[in-house]
Each structure stands twice: as C-alpha cells, then as structure tokens.
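K.L.:
Pasting a structure here, questions to come.
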Amino acid sequence: MSATPSNRQLLAITGMSCAGCVAAVETALRGTPGVVEAGVNFADRTAQVAGSATLDALLHAVQAAGYTAVALRDDAGEEAERDAAERAHYQRLIGNTAVAAALAAPLMIAEMAGWLPALATPSGQGFWIATGLLTLAAMTYSGGHFFTGAWRQFRHHNANMDTLIALGTGSAWGYSMLVALFPASVPSLAQHAYFEAAVTIIALINLGSALESRARGKTSAAIRRLLGLQPKTARIVDGDQDRDVPIETLQPGVLIRVRPGEKIPVDGELVSGASTVDEAMLTGEPLPVSKQPGDPVTGGSLNQTGSFVFRATRVGADTVLAHIIARVRQAQNSKPPIGRLADQVAAVFVPTVLIIAVLTALAWFNFGPEPKTGYMLVTTLTVLIIACPCALGLATPISIMVGVGKAAEYGILIRDGAALQRAGQLTTLALDKTGTVTVGRPTVATIIALPGFTEDALFQWTAGLEAGSEHPLAQAILDAARQRGLELPAVDRFEAIAGQGVTGHLAGQALLVGNRRLLESHGIDTAPLQAGIAQSAAAGQTPVLIAVNGRPAGIIAIADPIRPDTAAALRRLRALGLRLVLLTGDHVATARAIAAQAGIDEVLAETTPIGKAEWIAQRQAQGDVVGMVGDGINDAPALAQADAGFAMGGGTDIAIESAGLTLTRSSLHGIADAIAISRATVANIRQNLLGAFIYNLLGIPLAAGALYPLTGLLLNPMLAGAAMALSSFTVVSNANRLRQYHPPASSRSLAGDGR
C-alpha cells in the first residue's frame, strides 16, 4: 500500500484544561491565513493543521489565544519525550494532591469532631486567620495553575474550566478570610469559614486530573507501538565494510544489510540473500512472508531467518510506516458526526455555567433562608465546581483515539472519524471482483485464436498494448508473453477506456483489447467469439476479447480464483446484517460463477466504473447505507460515492486515496473487523456522551439547590469536587475498555485454521 504525503502540521498544545479550550484553539488556527482545516484533539492535547500557513504563523495564533504550542515530529524519540513529560506532569499532580490533602484532612476531621474554635472569639479569630494563610499557601502551591490559567483566559477574553475552579475556590477562600478578619461585619448565622472546602476541592481536582492523565496515557498505545517499530540506526554497506548510521541520514539508493532478528529500517527492494519477514504489526497478517531478490521489503517489519541486503527506495516521511502513522494521527484528531453536538455544547458550556452560577447566587441571596450569604456562597461554589466540561470534551476524542488505534492493530487504516462511524452503519456492501473477492493474481488459462491469427501473434500484440495498463488482467497477459519469450512491440496512440479495455496501434495493426462493450462500441461483430466467451465464463474465467483491424481475432481466458478466506469472511459480513452485492465489469456468466463460489446472491455485471457509482447512488436514494470494496482505478468513482469505501492494501494509489478505510492486508476479514470495531467505538462514544450529559444535566441543578425546597438538603461542595474529578476519569476509563475489545471471529482468530 502507499499514500501520498500531505501539507499537514502536527502541534502539541499546552494550557488546555477543557473542551472550551479546544474551541478557542480551533478558532484561532482556522482564522490563520492559509489554513484549510484544523482539528484539536483534547484527549492527547494535539492539533493537526492542513494548509499552506507557516509554522510560525500557527504558533503565534495559538499563543494569541492564550495557549502555547510546539511542532511535533512523528518519531519514537519525541514520543518518548512526551511520555516523560506526561509522567512528570502526573507526579506533579500527585504532589499537588498530597500537599492540599495534608492540610484538608486535619481540618475536615477537626470540623466533624467539633474541635474547631468559634470565629467570634479572639483565640478563634487568630486560629482561622492562621488557617486561612496556611490554606492560601496550599492553594497557591497545589492550585496555582488553576488561577494562572484563569487569568490567562481572562486576559484573552475567554473562560474555561480553570475559570470555574478559580472562581469557586477563590470565592470560598475570600469570603472565609473576610469572616476571619472582620467577623462583626457578617451576621452571626453567616459566620462560617470554608477554608477546608476550598483546599479539599483543590486536592480532589488534582487527584482526578492525575487519574485522568494516567488513564489517558494508555490511549496512545497504538501510536507508540507503531513508532517503536522503526529502529534508530541502519547498517549500510559501504564497500567491503558495514557501518551503522542514524536512520535520519538514509537516502534512496543506499544498500542496507539486515541480520536475523533485526527490524528493517526503511522501505526497499531485496538485492541479495533471502529470508522470511514478520509484517504482522504493519499488516495484521499473522504468517511470515518469504522474501527473495527483487521482492519489496517494508520498514518496521521484523527479519526472521536469514541475512540479506536491500536497496532503500523510500525513506523518512515517504515510507509505508510513516504514512500509516500519519494516517492514524489524522484519524485520531478527526471528529465524527456523533461528536458535533458535544462540541457545540462544550463551546458555550463555561459561559453558560457562569450565568447559572450568577442566577443561583441572586436567587439564594434574594429568596433563600438565613444565613442568605452562607447559602448563596455554598450553592454558587458547588455549581462552579460540579460543572465538568472535561467529560464532554473527552467523550468523543478519547474513544476515537482508542478505536482508530485498535483498527490499526488489525491492519485497518481509517482516514477520519466520519469514516469510522459510517462503517458501522452499513446496510449493503458492494464488492469488486478482481483483486477483492478473487486473489488478484490472474493467470492466462487458455487462448483461442480465430482463423487467420496465431496464438503468439495475439499474445505479442495484446501484451504490447497491455503494458501501459494497471489492470491485474493486463499483468497476467504480460507474464504469459514473457514466459513465451515474446518481444513486445512499441505502441502508438494508446488509450485506456474505463470499464471497457484498451486501444492502440502497434506493428502496423489497430488493436482493441477488452470486453464485449468495447468491441461493439466500435461496430465489431462479436458473434464469432460467443462460443469461447460462454466456455470461459462457465468456468469462472474472464474472457478478454481481441479485435485486429476491425475484425474479431480471438479470446484470452484469464483465471483468477477467489481468495481462500473469502467465503468465511463473507459469512461474517452476512452475520453482521449486511446485504452483499458483486459489482464487476466482467462477463455476467463469469461474475455469477464467482459469486456462487463466494456465496454472494446479488450480481451486477458488465457495468462501467460510472455505472458502479450510479448503482450505489440509487441504493443510497432508497435509504441504504452502502459500502464499497475495491482495489483498482476503475473502482475509484464507486469508492468515492460510497458511504464507506474500503481499499484493499495491494490496490492502486487512486483507489486508496478514494477510500475512507484501507486494509493493509488483502483479506475481506478486515472489512468485518472494521465494521465490528466501528460499532464498538460508536457505542463507546454514546456511553461517554450519555454519561457526560446526564452528569451535568443532573449535577448542576442539584448543586444549585433544586432539591432544597423538597428535602432541605444541599449538595456539599467537597462532594461536588469529588464528582467532578471522577467524571473525566470515568470517561477515559470507559474508552480504555476498547483496548481489550476483539472483533468476534476476527481474522486473527481464524489464522490458525488456515483461512
């Protein structure tokens, strides 16, 4: 497989604390001249930007929004640095928790035991002033980042989770210190300090952030595994000696030696030696692949048995592994349609909570019982603390990260979150025949030459014309001609007609090579070829018709057996509730014979590439959600039209670029795996979104005192802090369950039975 590089830049963003920050950074990046597309992933604090904008312009835009950014490289060294920074961040959060808890715990115990002095006494006033100063020190050490983050957002006319925490805990401390310093200025019923609430909330939120950080680190496991496939050095052959050089210095054309047990550093072509190579981490293919001189080798795969030398053909960002990593990163940073509502809510969440907090304060101050000030402070603080934009912001991207990574483990590369979501919604799956249902390595079965023509002449002319075609049938004819030792003549006025065949002039002859539609469109009578067409089609072979100088000349029958695992894979797809249809430009009898072997009931044969796309559009108009599987140029229109396009990994670049999902191994089991992973991921996102919405929809009214008129109970601010801290951790933990998910009857489980 391959992919084309894109003008995308990856940035690591610091300073984001909630989903509102995501909206602010995205707005800043999208407003930068030259930016075509920008997406921010709150789950791993990265942004991916497409367009012509310079790195400096992007960094300046992020800084102007109140955050900082640095460019990221997709290599193992940088990922290790990010992991180290994440571990250090986790340790800081644990330290912050410990310091805050060290003060909060004694205060809470003393209050529950009734040991704390009254504020109105001189000794009590001194105690509470000292406690306030100690609390301020603990809040500065353990919660200073909340206050600096809130100030930074205020300066840029924004608000985020830091704003809510800073306002809530800051107000609690400020009111408590006012009561401690001037108790006579406050009504006796309102003479209560909330120092322990402020510092406990700081401790709980730090603890929740630490747990979230620890759990979030597991979601990047797929990227880390991919980055870990590439060795740091390569052993180049330099004359009579070998020497190790950094992999970054490699250039195409250099000779590289690989010994047993070593990883292949870059893509190339084997020059000398032989071995078997484990490509499982790249393709999901569980069996070793034999490699001989002339065979391609892929960087990141593991050499097993022999030593060999290969010539580097693609290095750096051009390797298959680099493209896979880029594709996974791109998909993880994308947003599926299911997450749009959460994004819209998150963008206005913090301002809405601030408005609710103000209304709560006004309601309790004007209509609440005595002490009105105390009730007002407690309920307002609780509203500010319990609101959790983090859970909303994490609900979708954290599941997408894990789901896309899980798909990559099974050799499925997903372009974006929308493709991931649509794959699980399919009701109908259309399959191309050649290279998809069949092996894709066709061979010439028979040749029929009509009177006046010889087999060698037909082979020579046809092979010469087909040399300019990418179609798998063309390669079969070329191989057969080479086996006969035939020299290929030069071609003039070559033209490939999509869905029909090729035309051209060579050796003084005007040739048409293709299907019946091609010959008939040029006014050629195909009746003399009908017997041969029927014979080959009945055997499941593809008849390639040949006309020379306006006359039917013969048939080359091409055999391409179905893949050994096709029938089992299609049974899995039917079990998933999909309707299967074979779409092919091949002869109708050939298509029906192949469909019968594979177990496909519906066939649309002798159709053009545009006809395939039109058929899919018709099904979509009837309400079907249609997927398409293909591997060739002629499949590109249908792949683009389909709700979810699957490109077989051995297919052409155009097919891969037209599809939303690419299988790195050529097995239809990958389609069933992709659909199962898609459904599991979308279900996980729905669970996260439902939990986040229910938490906030119930929690905020409870915090505001909605049950007080009926029960006389108010939610404790410290319980609100604990709930807020655990909500994000719960979302991340739920997403991490996907890491243990395995598609039922997956291709991995079937590897042992030879299918």
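If you're matching positions, the sequence shown starts at 954 in this note's numbering and goes up one per residue.
Glycine is no exception: its CB is placed at the ideal position from the N, C-alpha and C atoms.
Predicted model only: the values in this text are computed from it and were never measured.
Which first and last residues belong to the beta strand (DSSP E) in which Leu1117 is found?
P.N.:
Careful: Leu1117 lies outside any beta strand (DSSP E), inside the alpha helix (DSSP H) at 1114-1134.
K.L.:
Three or more beta-carbon pairs under 8 angstroms between the region 1090-1110 and the region 1316-1324, yes or no?
P.N.:
Contact fails: fewer than three Cβ-Cβ distances are below 8 angstroms.
K.L.:
For Met1065, does the count of other Cβ atoms within 10 angstroms reach 16, so buried, or fall short, so exposed?
P.N.:
Met1065 is exposed by the Cβ-count criterion.
K.L.:
Just how far apart, CA to CA, sit Gly1705 and Leu1498?
P.N.:
With a pLDDT of 38 at Gly1705, under the threshold of 50, the predicted position of this residue should be treated as unreliable, though the coordinate-derived value follows. Spanning the two alpha carbons is a distance of roughly 41 angstroms.
K.L.:
My assumption, with CB atoms under 8 angstroms, is that Thr1122 sits in contact with Ile1155. Please give the rounded CB distance.
P.N.:
Right, their Cβ atoms sit about 6 angstroms apart.
K.L.:
What is the rounded straight-line gap between the Cα of Ser1631 and the Cα of Gly1356?
P.N.:
Spanning the two alpha carbons is a distance of roughly 7 angstroms.
K.L.:
Tell me which residues share the same chain as Ser1686 and place their Cβ nearer than 7 angstroms to its Cβ, disregarding the 5 neighbours each side in the sequence.
P.N.:
Excluding positions up to five away in sequence, the list reads Ala1168.
K.L.:
Whose C-alpha, out of Gly1077, Asn994, Cys974, is nearest the C-alpha of Arg1105?
P.N.:
For the residues Gly1077, Asn994, Cys974, the minimum Cα distance to Arg1105 belongs to Cys974.
K.L.:
Going by other Cβ atoms of all chains shown within 10 Å of its Cβ, with 16 needed for buried, is Ala909 buried or exposed?
P.N.:
The chain is shown from 954 up to 1708; residue 909 falls before or after that span and cannot be answered.
K.L.:
Identify which residue in Ile1176, Arg1210, Thr1202 has its Cα closest to the Cα of Gly1192.
P.N.:
That would be Arg1210, whose Cα lies nearest to the Cα of Gly1192.
K.L.:
Let me make sure I understand the geometry here. Which of Glu1222, Gly1674, Gly1226 has the alpha-carbon closest to that of Gly1252?
P.N.:
The shortest Cα separation from Gly1252 among Glu1222, Gly1674, Gly1226 belongs to Glu1222.
K.L.:
Determine the burial state of Thr967: buried for a count of at least 16 other Cβ atoms within 10 Å of its Cβ, exposed for fewer.
P.N.:
With fewer than 16 Cβ atoms within 10 Å of its Cβ, Thr967 is classed as exposed.
K.L.:
Rounded to whole angstroms, what is the Cα-Cα separation between Lys1263 and Ile1277?
P.N.:
It is Phe, not Lys, that sits at residue 1263 in the sequence shown. So the alpha carbons of these two residues sit roughly 22 angstroms apart.
K.L.:
Closer than 8 angstroms is the cut-off here; do at least three beta carbon pairs connect the region 1614-1623 with the region 1521-1535?
P.N.:
As far as the Cβ criterion goes, the region 1614-1623 touches the region 1521-1535, which means the pair count is three or higher.
K.L.:
For my contact list, Ile1511 and Thr1495 are in at a C-beta cut-off of 8 angstroms; report their separation, rounded to the angstrom.
P.N.:
Sure, about 4 angstroms apart at Cβ, within 8 angstroms.
K.L.:
In the structure shown, what three-state DSSP assignment does Thr1153 receive?
P.N.:
Helix.
K.L.:
Where do the N-terminal and C-terminal ends of the beta strand (DSSP E) with Ile1508 fall, by residue?
P.N.:
First-last of the beta strand (DSSP E) with Ile1508: 1504-1512.
K.L.:
Which class does Met1581 belong to by DSSP, given the choice of helix, strand or coil?
P.N.:
It is a strand residue.
K.L.:
Under a three-way DSSP split, which group does Lys1386 fall into?
P.N.:
Of the three classes helix, strand and coil, the one that applies to Lys1386 here is helix, per DSSP.
K.L.:
So what does DSSP say about Phe995, is it helix, strand or coil?
P.N.:
Coil, per DSSP.
K.L.:
For Asp1539, is the classification buried or exposed, using 16 other Cβ atoms within 10 angstroms of its Cβ as the cut-off for buried?
P.N.:
Classification of Asp1539: buried, given that the 10 Å Cβ count is 16 or more.
K.L.:
Okay, do the region 992-1001 and the region 1042-1059 touch, 3+ Cβ pairs below 8 angstroms being the bar?
P.N.:
The region 992-1001, when compared against the region 1042-1059, does not touch it at the 8 angstroms Cβ threshold.
K.L.:
For Arg1435, collect the residues of the same chain with a Cβ closer than 6 angstroms to its Cβ; drop the 5 residues on either side in sequence, then sort them by chain order.
P.N.:
Taken in chain order, the list of residues that qualify is empty.
K.L.:
Over the uninterrupted alpha helix (DSSP H) stretch that includes Ala1520, give me the two end residues.
P.N.:
First-last of the alpha helix (DSSP H) with Ala1520: 1519-1528.
K.L.:
Which whole-angstrom value is the C-beta distance of Ala1416 and Leu1441, which I expect to be below 8 angstroms?
P.N.:
Going by Cβ atoms, the distance from Ala1416 to Leu1441 rounds to 6 angstroms, so yes, they are a contact pair.
K.L.:
Pick helix, strand or coil for Thr967, following the three-state DSSP scheme.
P.N.:
It is a strand residue.
K.L.:
Between which two residues does the alpha helix (DSSP H) holding Gln1183 run?
P.N.:
Here Gln1183 belongs to no alpha helix (DSSP H), and DSSP marks it neither H nor E.
K.L.:
If you run the structure through DSSP and keep just helix, strand and coil, what is Thr1560?
P.N.:
Coil at Thr1560, not helix or strand.
K.L.:
Give me the residue from Asp1432, Ala1451, Phe1406 with the minimum Cα distance to Asn1502.
P.N.:
Of the listed residues, the one whose Cα sits closest to Asn1502 is Phe1406.
K.L.:
Return yes when the Cβ of Val1444 is within less than 8 angstroms of the Cβ of Leu1459, no when it is not.
P.N.:
A contact, by the Cβ cut-off of 8 angstroms.
K.L.:
Using a Cβ-based criterion (distance less than 7 angstroms to any ligand heavy atom), does Gly1269 qualify as near the ligand FMN?
P.N.:
The ligand FMN is absent from the structure shown, which contains no ligand whatsoever.
K.L.:
Can you tell me whether Ser1243 is helix, strand or coil according to DSSP?
P.N.:
It is a strand residue.
K.L.:
If we call anything under 8 angstroms between Cβ atoms a contact, is Leu1418 one with Ala1284?
P.N.:
Result no, Cβ atoms of Leu1418 and Ala1284 do not sit closer than 8 angstroms.
K.L.:
Could you check whether Ala1348 and Val1684 sit closer than 8 angstroms to each other, using their CB atoms as the reference points?
P.N.:
In contact: Val1684 and Ala1348 (Cβ atoms closer than 8 angstroms).
K.L.:
On the three-state DSSP scale, how would you describe Gly1658?
P.N.:
The answer is coil: DSSP assigns Gly1658 none of H, G, I, E or B.
K.L.:
Pick helix, strand or coil for Pro1350, following the three-state DSSP scheme.
P.N.:
Looking at Pro1350 - three-state DSSP - the assignment turns out to be helix.
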